[in-house]
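Trainee: Protein chains in written order, with the working numbering: chain A, 14 to 126; chain B, 906 to 1020.
The structure is given below, and queries will be raised subsequently.
Written out as structure tokens, the structure is:
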């Protein structure tokens, strides 16, 4: 049972344009969401997070939007840079879960120069 | 200084063998985790320890046994390795601050190949 879904396995954008990565979840108990970035042969690294009490969180070029009614979140990267090319994982957790993160399958972002 | 370090990075072994993967974190975090990334690329939790106490134990075969000698170390021992155990295993750690949780710090992974 996939509680966190990233339906696009890959995304390709031009340098300087916006990258939009999407994530859907089914568990209404999730109240904290995170995005991780992963380069080949490395572990995932934390990018940005959002609590369910907010609908937007911004950090430099990265913005995460949360739509609780649709159980949907998205990561916007503006402007996209070639160094952003990586696999992006969406993850979610809930209070009382001992901070167990449930991950999506990931989306491979390729930013073309 | 590596925050979460795993050894070895690569491990190739034959079916039926017993192997261990070690993990150490120098962040002072209280909680450590083992995740498995299978061939379908899903990252799934296996175990979690908080201050040496097991707090999460997902449905994992008994052949997998975590051991936490102290809160900075969480090792994974696997008995009687099977082909299906081939995967990348990630160690991670986290810390809760006054009810706030800022996610995991991951190690770089151990690619286990069972032949």
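No residue lacks a Cβ here, since even glycine has one placed at the ideal position from N, Cα and C.
#1: Here's a check: name, in chain order, each residue in its chain whose Cβ is nearer than 8 Å to the Cβ of residue 104 of chain A, leaving out the five neighbours to either side.
#2: Quick test of your reading: residue 927 of chain B and residue 912 of chain B, contact by CB under 8 Å. State the CB separation rounded to the nearest angstrom.
#3: Hey, is the region 31 to 41 of chain A in contact with the region 56 to 68 of chain A, meaning 3+ C-beta pairs nearer than 8 Å?
#4: Put residue 14 of chain A into one of helix, strand or coil per three-state DSSP.
#5: What does the Cβ neighbour count give for residue 56 of chain A, buried or exposed, with the cut at 16 atoms within 10 Å?
#6: What runs of the beta strand (DSSP E), each 3 residues or longer, lie entirely inside the region 922 to 958 of chain B?
#7: Taking the C-alpha atoms as reference points, what is the distance between residue 915 of chain B and residue 51 of chain A?
#8: Excluding five sequence neighbours on each side, which residues of the same chain lie with their C-beta closer than 7 Å to the C-beta of residue 99 of chain A?
#9: Specify, as a first and last residue, the run of the beta strand (DSSP E) that residue 981 of chain B falls within.
#10: With distance defined between alpha-carbon atoms, name the residue in B:932, B:942, B:934, B:963 nearest to residue 989 of chain B.
#11: Would you mind stating whether residue 34 of chain A and residue 79 of chain A have Cβ atoms separated by less than 8 Å?
#12: Look at the Cβ atom of residue 937 of chain B, then the Cβ atom of residue 998 of chain B, and state whether they are nearer than 8 Å.
#13: Assuming contact is defined by CB atoms lying nearer than 8 Å, are residue 939 of chain B and residue 986 of chain B in contact in what I supplied?
#14: Residue ranges of each beta strand (DSSP E) run of no fewer than 3 residues wholly in the region 43 to 75 of chain A, ordered along the chain?
#15: Which of the three DSSP states, helix, strand or coil, is assigned to residue 114 of chain A?
#16: With H, G and I counted as helix, E and B as strand and the rest as coil, what does DSSP make of residue 1032 of chain B?
#17: Using a Cβ cut-off of 8 Å, which residues of the region 52 to 64 of chain A contact any Cβ in chain B, in chain order?
#18: Using Cβ-Cβ distances below 7 Å, what residues of the region 914 to 931 of chain B are close to chain A?
#19: How would you call residue 32 of chain A, buried or exposed, if buried means at least 16 neighbouring beta carbons within 10 angstroms?
#20: Output yes or no for whether 8 Å exceeds the beta carbon distance between residue 976 of chain B and residue 956 of chain B.
#21: Which one of B:996, B:1000, B:1007, B:1008 has the shortest CA to CA distance from residue 1014 of chain B?
#22: What is the residue span of the beta strand (DSSP E) that residue 915 of chain B lies within?
#23: In the DSSP assignment, find the beta strand (DSSP E) that holds residue 997 of chain B and state where it starts and stops.
Mentor: Well, looking at it:
#1: 17, 46, 47, 48, 49, 114, 115, 116, 117
#2: 5 Å
#3: no
#4: coil
#5: buried
#6: 924 to 930, 936 to 942, 948 to 955
#7: 18 Å
#8: 50, 51, 52, 122
#9: 978 to 983
#10: B:942
#11: no
#12: yes
#13: no
#14: 45 to 51, 58 to 64, 69 to 72
#15: coil
#16: Residue 1032 of chain B lies beyond the stretch modelled for chain B, which goes from 906 to 1020, so this question has no answer here.
#17: 54, 55, 56, 57, 58, 59, 62
#18: none
#19: buried
#20: yes
#21: B:996
#22: 915 to 918
#23: 992 to 999
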